[in-house]
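Since the structure comes first, as structure tokens, the remarks are kept for the end.
2 protein chains.
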Amino acid sequence: MHLFPLIVVGIFSVSPAVAQWPIPRNITRGNEIVKLDPNFAVLLGNIDASTLPDLNIAKEDTRTRVLRDNLQRLARSADLAVDNQQLQNASTIYNLTLYLNPGTSNLSDISSVVQQPLDTWDESYSLTISGESGQAPSFIVANTTLGLLRGLTTFEQLWYTSNDLIYALDTPINIEDSPAYPYRGFMLDTSRNFIPVQDINRTLAGMSMAKLNVFHWHIVDSQSFPLQLPDGGFADLSEKGAYSIYETYNASEVQEITSYAASLGIQVMVEIDIPGHSAAIAQSHPEHIACNEASPWQSYANEPPAGQLRFAVNDTANFTTALLGQVAKLFPHAMISTGGDEINLDCYANDTQTQEVLASSGQSIDEALKHFLLHTHEVLQMITPRTVVWQDVVLNHSVGLSTNKTLVMVWDGVHGALDATSQGYQIIHAPSDYFYLDCGAGSWVADGSSNDWRSWCDPFKTWQKAYSFNPTANMTPNQAKLVLGGEQLLWTEQTDTNNLDSVIWPRAAVAAEIFWTGDTFPDGSNRTAPENLDGTLARLHALRYRMVQRGLKATPLQPHWCAINPGNCSIVA
Amino acid sequence: MHLFPLIVVGIFSVSPAVAQWPIPRNITRGNEIVKLDPNFAVLLGNIDASTLPDLNIAKEDTRTRVLRDNLQRLARSADLAVDNQQLQNASTIYNLTLYLNPGTSNLSDISSVVQQPLDTWDESYSLTISGESGQAPSFIVANTTLGLLRGLTTFEQLWYTSNDLIYALDTPINIEDSPAYPYRGFMLDTSRNFIPVQDINRTLAGMSMAKLNVFHWHIVDSQSFPLQLPDGGFADLSEKGAYSIYETYNASEVQEITSYAASLGIQVMVEIDIPGHSAAIAQSHPEHIACNEASPWQSYANEPPAGQLRFAVNDTANFTTALLGQVAKLFPHAMISTGGDEINLDCYANDTQTQEVLASSGQSIDEALKHFLLHTHEVLQMITPRTVVWQDVVLNHSVGLSTNKTLVMVWDGVHGALDATSQGYQIIHAPSDYFYLDCGAGSWVADGSSNDWRSWCDPFKTWQKAYSFNPTANMTPNQAKLVLGGEQLLWTEQTDTNNLDSVIWPRAAVAAEIFWTGDTFPDGSNRTAPENLDGTLARLHALRYRMVQRGLKATPLQPHWCAINPGNCSIVA
Chain C
1 MHLFPLIVVG IFSVSPAVAQ WPIPRNITRG NEIVKLDPNF AVLLGNIDAS
51 TLPDLNIAKE DTRTRVLRDN LQRLARSADL AVDNQQLQNA STIYNLTLYL
101 NPGTSNLSDI SSVVQQPLDT WDESYSLTIS GESGQAPSFI VANTTLGLLR
151 GLTTFEQLWY TSNDLIYALD TPINIEDSPA YPYRGFMLDT SRNFIPVQDI
201 NRTLAGMSMA KLNVFHWHIV DSQSFPLQLP DGGFADLSEK GAYSIYETYN
251 ASEVQEITSY AASLGIQVMV EIDIPGHSAA IAQSHPEHIA CNEASPWQSY
301 ANEPPAGQLR FAVNDTANFT TALLGQVAKL FPHAMISTGG DEINLDCYAN
351 DTQTQEVLAS SGQSIDEALK HFLLHTHEVL QMITPRTVVW QDVVLNHSVG
401 LSTNKTLVMV WDGVHGALDA TSQGYQIIHA PSDYFYLDCG AGSWVADGSS
451 NDWRSWCDPF KTWQKAYSFN PTANMTPNQA KLVLGGEQLL WTEQTDTNNL
501 DSVIWPRAAV AAEIFWTGDT FPDGSNRTAP ENLDGTLARL HALRYRMVQR
551 GLKATPLQPH WCAINPGNCS IVA
Chain B
1 MHLFPLIVVG IFSVSPAVAQ WPIPRNITRG NEIVKLDPNF AVLLGNIDAS
51 TLPDLNIAKE DTRTRVLRDN LQRLARSADL AVDNQQLQNA STIYNLTLYL
101 NPGTSNLSDI SSVVQQPLDT WDESYSLTIS GESGQAPSFI VANTTLGLLR
151 GLTTFEQLWY TSNDLIYALD TPINIEDSPA YPYRGFMLDT SRNFIPVQDI
201 NRTLAGMSMA KLNVFHWHIV DSQSFPLQLP DGGFADLSEK GAYSIYETYN
251 ASEVQEITSY AASLGIQVMV EIDIPGHSAA IAQSHPEHIA CNEASPWQSY
301 ANEPPAGQLR FAVNDTANFT TALLGQVAKL FPHAMISTGG DEINLDCYAN
351 DTQTQEVLAS SGQSIDEALK HFLLHTHEVL QMITPRTVVW QDVVLNHSVG
401 LSTNKTLVMV WDGVHGALDA TSQGYQIIHA PSDYFYLDCG AGSWVADGSS
451 NDWRSWCDPF KTWQKAYSFN PTANMTPNQA KLVLGGEQLL WTEQTDTNNL
501 DSVIWPRAAV AAEIFWTGDT FPDGSNRTAP ENLDGTLARL HALRYRMVQR
551 GLKATPLQPH WCAINPGNCS IVA
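Chains as they are written, first to last, in UniProt numbering: chain C, 1 to 573; chain B, 1 to 573.
Right under this line is the structure:
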């Protein structure tokens with residue numbers, strides 16, 4: 001009468017050895033098991049690393065991590081027992097050797113590559129792990145030091161620990177890999193609530209585990225101005241506009257963050273959001289801010305406090321370009337964002353200074369805004385190769401910026417990406433309905449009860465929802481070519497150091513796979529095919545548990561039982 | 001032309017000194033400021049504390065905390081400057097003296113009080129803080145050591161730090177306080193994901209800050225069995241059913257937790273959920289579990305893996321009562337829950353052992369279930385004063401348990417509380433649509449895409465939503481008398497040590513105010529009146545920031561700007 005088997009074996013169809021996130025674009029595997037020698041080392045082949053400190057540190061970090069991750073494979077104990085049995089006769093990997101392709105002309109270290117515009121980066125690599133049979137060598141080959149770094153990151157994800165043995169499954173392995181999109185980012189807001197330097201560095205470490213390559217730093221906003229600008233007369237911005245002296249980033253901390261990011265193959269894109277989202281400037285420079293803390297705030301801003309730059313006023317325009325120049329000095333990387341979202345023109349309707357300028361110049365407020373934004377970007381684009389704006393600038397205010405030098409970040413609405421690409425802009429996907437990590441935790445506006453206290457972008461964006469995003473939906477081939485990539489974003493109204501990691505990870509790694517792997521898995525199947533779901537989740541678990549081993553407080557996506565019983569917590573199971 | 005003032009002053013109408021959570025039921029205040037002497041001490045008045053170690057520790061803990069909390073008052077810098085100015089001429093509080101009312105007959109320490117049934121507890125106290133004028137003493141008076149502890153907790157919430165001075169506002173203060181409901185709990189599931197001992201202890205510390213007094217420990221479930229039962233032949237339950245040996249609670253750890261809880265005025269109510277939610281027992285005792293890991297799981301359980309006790313089988317019934325007896329030995333407190341939620345009778349339809357028993361006895365499965373539950377509770381109620389069940393037992397399965405000895409926990413649906421109280425049961429509110437802290441983080445079932453990957457109890461239960469709960473809605477006065485209190489709950493499908501604090505705090509403190517303060521504020525206004533909202537949020541911020549100072553990683557409810565500008569982040573502001 002037993003209609004049910006006592007033990008139902010999971011229908012998990014993806015090999016357990018594929019725990020890489022993002023999944024490499026090409027991978028071939030055997031069915032052997034190898035263990036890692038306790039004195040394992042990463043060697044340099046045809047590379048003189050004496051002038052490559054980033055690469056030297058990266059290879060030593062990889063050695064340390066594979067020896068210390070101490071990650072148990074996520075499987076039932078019976079499966080782990082099989083691993084242990086097979087390990088008794090496994091052969092040993094003693095080292096991994098790094099090679100640069102002989103044709104490599106420009107031997108730059110990782111940080112140097114990262115200073116350049118993203119479209120010049122070569123992140124490709126190949127990785128070969130010898131199998132049980134082999135005294136055959138294991139190696140990574142790439143065109144750049146950055147490519148070698150990406151290969152090392154993949155290598156680190158091969159290893160599990162059991163009974164003090166470190167081992168990899170399904171060897172020999174050969175991987176040929178490169179990203180589908182050049183921009184794979186993560187955005188962090190450090191104004192609504194302050195985020196300490198060590199948290200940002202830990203976030204960068206997490207990003208590098210998923211091969212994310214742009215840290216979009218929304219560093220200031222209306223709530224606080226934590227960026228210290230020591231020169232040019234801007235010191236008072238943070239002195240008066242930060243929550244406290246302890247909640248600021250000084251120049252050496254910015255340098256520490258940008259350098260560390262660069263060594264991990266991550267470009268830092270700083271954003272100074274103008275002319276909206278700038279009320280914090282009023283703490284030190286009230287003469288430049290209109291409708292500061294005006295009431296009711298919702299008439300003048302999307303969030304309290306209201307307050308926007310008096311962009312029509314010459315002194316304020318000059319102040320702004322000088323401010324951006326000082327910011328650019330601190331951030332050596334190749335992109336700077338000027339924000340430009342949610343500009344509220346009602347803020348200026350009763351602003352004396354603005355109205356006087358408009359009256360004397362005969363300009364409308366829209367014309368003045370266009371003039372300001374065009375001028376600001378012209379000046380900034382003389383300093384930095386690329387500027388970035390939120391879609392509002394080009395779509396809502398029809399400011400025609402250089403399509404060669406300006407990237408458009410698309411956050412709102414299904415037509416934003418189509419409209420911006422149809423105008424010839426390169427875009428970065430940041431869709432609020434897929435990628436906003438802060439959504440779903442309820443309304444932080446205390447009396448936001450009209451919608452059962454839901455957040456404006458409710459519901460919570462699950463990893464599954466984010467993963468279902470299609471970067472080229474409804475696009476022509478020419479439009480699709482303008483998609484640079486995308487990023488998940490964390491606005492910190494309800495996040496600070498206390499819950500940072502768990503809000504970000506592992507969900508923010510979803511964009512990493514969408515934009516590295518692209519639409520197609522190495523077996524040719526569609527990334528979002530239902531039959532791939534359990535395997536995808538298993539790989540995301542593996543990344544998450546490895547993050548935890550490295551000190552990132554990533555949220556569990558499921559009961560641990562589900563993580564070690566892949567495929568058994570789906571409805572179709 | 002300036003229609004907007006440059007600075008809008010918050011409309012915050014609640015005195016900044018009222019930062020207590022839960023707000024005391026009676027409070028009178030002056031308008032003076034006092035500072036705390038650096039050698040501040042808590043003294044004993046008419047109490048010989050040589051036999052009261054809990055009270056001794058509590059008073060020293062209070063001393064340490066007020067000296068070390070180092071919490072800045074949540075206000076604009078201009079307001080803090082006023083504090084600093086006033087502090088120059090403030091008088092000093094040198095000590096706080098504890099008194100027991102002369103009529104106190106039974107001088108029991110806090111832990112001893114906590115072993116008794118909740119309805120016998122006396123948590124009332126009065127607290128007097130002298131003002132600036134006074135060499136007048138400050139003191140707490142109570143009928144019990146537990147009442148003194150509650151008074152100490154209130155005292156701790158009076159103090160802020162500025163420039164190394166510790167001060168209180170709006171003195172002199174007189175508080176007369178006692179809880180509206182005896183049961184003010186918090187539930188933690190430690191089976192879906194394991195929660196380490198130190199995390200539980202830290203959670204207890206957080207509970208005590210809000211005067212919560214029952215830790216409902218949902219210690220085991222189908223996913224894992226972390227409770228070590230050393231005696232009676234039950235050791236293999238955790239040896240085989242826990243995630244690992246490192247993810248268990250041994251007897252001394254249970255003792256550590258229950259003792260620490262008791263010293264904080266918290267009773268531990270352990271729950272062994274039967275006969276459903278028990279698949280983990282199959283790892284060691286498959287003979288007692290029907291439909292173990294049966295597929296598809298959703299036909300036999302609300303969550304994977306399926307598996308329920310074969311309650312109709314005599315051996316299994318005996319095994320269960322013996323198991324509960326062993327559990328009761330480890331948990332000395334006055335309540336034990338046997339769970340009883342989500343029993344799935346389809347699990348037994350094809351179970352050979354169950355069907356054989358039913359056939360030979362002539363019982364239906366419903367009759368067998370009633371017999372099992374009645375018997376289990378009869379046995380257990382000989383050991384422990386109160387047993388607790390989920391509403392399913394008495395409402396779905398109509399098992400008539402003793403209304404004197406059985407408490408019913410109501411989690412599902414608007415009619416549960418009305419139905420259970422109409423049957424004469426005392427109830428504990430645990431409404432999923434208000435109090436489930438796990439809701440809103442999306443579906444952890446990987447392919448739960450039919451509802452946009454929302455969790456079954458979406459949306460997220462904000463503090464505002466929880467706070468809007470009315471414990472006696474639609475009840476007759478006689479029904480209302482049967483409401484013992486309530487608790488917020490954390491099911492840990494998507495929570496473990498990495499995000500525990502931030503999921504729990506500060507939201508789980510909402511129940512503390514609902515069930516301590518009751519429906520009416522000390523000024524006579526309704527607790528949920530819209531005009532109280534900003535003040536309530538300000539007090540919850542104060543609790544949350546104080547928790548952070550004490551090492552609890554509580555989530556920020558708003559941008560820090562809103563916390564220090566009370567009233568300015570509401571729509572009506």
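Every residue, glycine too, gets a C-beta built ideally from N, C-alpha and C.
At a cut-off of 8 Å, the C-beta of residue 571 (chain B) has a neighbouring C-beta in chain C.
A residue is called buried when at least 16 other Cβ atoms come within 10 angstroms of its Cβ; residue 359 (chain C) does not meet this threshold and is exposed. Only residues of its own chain outside the window of five on either side were considered, and among them 434, 528 have a CB closer than 8 Å to the CB of residue 468 (chain C), listed in chain order. The count of Cβ pairs closer than 8 Å, one atom from the stretch 244-258 of chain B and one from the stretch 197-215 of chain B, reaches three, so the stretches are in contact. Contact between residue 513 (chain C) and residue 22 (chain C) holds: CB atoms are separated by about 4 Å, below the 8 Å threshold. Straight through space, the alpha carbons of residue 326 (chain C) and residue 334 (chain C) are spaced by roughly 15 Å. When 7 Å is used as the limit between beta carbons, residue 557 (chain C) is near these residues of chain B: 444, 494, in chain order.
With 16 or more other Cβ atoms inside 10 Å of its own Cβ, residue 570 (chain C) counts as buried. The alpha carbon of residue 125 (chain B) has as its nearest neighbour, out of B:145, B:572, B:281, B:555, the alpha carbon of B:145. Using a Cβ distance threshold of 8 Å, residue 191 (chain C) and residue 214 (chain C) do not count as a contacting pair.
Counting along the chain, the unbroken alpha helix (DSSP H) around residue 258 (chain B) starts and ends at 251-263. The three-state reading of DSSP puts residue 467 (chain C) in helix, counting H, G and I together.
Among the residues facing chain C, residue 562 (chain B) is included, as its CB has a counterpart in that chain under 8 Å away.
Residue range 235-241 is occupied by the alpha helix (DSSP H) that includes residue 240 (chain C). The C-beta of residue 263 (chain C) has 16 or more other C-beta atoms within 10 Å across all chains shown, which makes the residue buried.
Three or more beta-carbon pairs drawn from the stretch 284-302 of chain C and the stretch 228-240 of chain C are found closer than 8 Å, and the two stretches are therefore classed as touching. Secondary structure at residue 553 (chain C): coil, using DSSP grouped into helix, strand and coil. For the set B:61, B:162, B:356, B:57, the Cα lying nearest the Cα of residue 71 (chain B) is the one of B:162. Chain order gives the chain B residues near residue 548 (chain C) as 498, where near means a beta carbon separation below 7 Å. Of the other Cβ atoms in all chains shown, fewer than 16 fall within 10 Å of the Cβ of residue 362 (chain B); this residue is therefore exposed. For the pair residue 391 (chain B) and residue 343 (chain B), the CB atoms are not nearer than the 8 Å cut-off.
Within the stretch 200-232 of chain C, contact with chain B at the beta-carbon level (separation under 7 Å) is assigned to 223, 224. Distance between residue 460 (chain B) and residue 154 (chain C), taken at the CA atoms: about 36 Å. Between residue 139 (chain C) and residue 233 (chain C) the beta-carbon gap is near 54 Å, outside 8 Å, which marks them as no contact. With fewer than 16 neighbouring CB atoms inside 10 Å of its own CB, residue 82 (chain C) falls in the exposed class.
The straight-line gap separating the alpha-carbon atoms of residue 121 (chain B) and residue 555 (chain B) is approximately 32 Å. Look at residue 465 (chain B): its C-beta is under 8 Å from a C-beta on chain C.
Neighbours of residue 462 (chain B) in chain C, taken as residues whose beta carbon is under 7 Å from its own, are 442, 443, 453 in chain order.
When DSSP states are grouped into helix, strand and coil, residue 303 (chain C) belongs to the coil group.
Against chain C, the beta carbon of residue 534 (chain B) has neighbours under 7 Å at 446, listed in chain order.
For residue 192 (chain C), at least one C-beta of chain B is nearer than 8 Å to its own C-beta. Assignment of beta-bridge partners to residue 432 (chain B) by DSSP yields no partner. For residue 30 (chain B), there is no enclosing alpha helix (DSSP H); the enclosing beta strand (DSSP E) has its first and last residue at 26-44. When DSSP assignments are scanned along the stretch 353-411 of chain C, the uninterrupted stretches of beta strand (DSSP E) that are 3 or more residues long and fall wholly within it turn out to be 386-390, 406-410.
The C-beta distance from residue 436 (chain B) to residue 491 (chain B) rounds to 7 Å, short enough to meet the 8 Å contact threshold. By the C-beta criterion, the stretch 180-194 of chain C is judged to be in contact with the stretch 504-521 of chain C, since at least 3 inter-stretch pairs fall below 8 Å.
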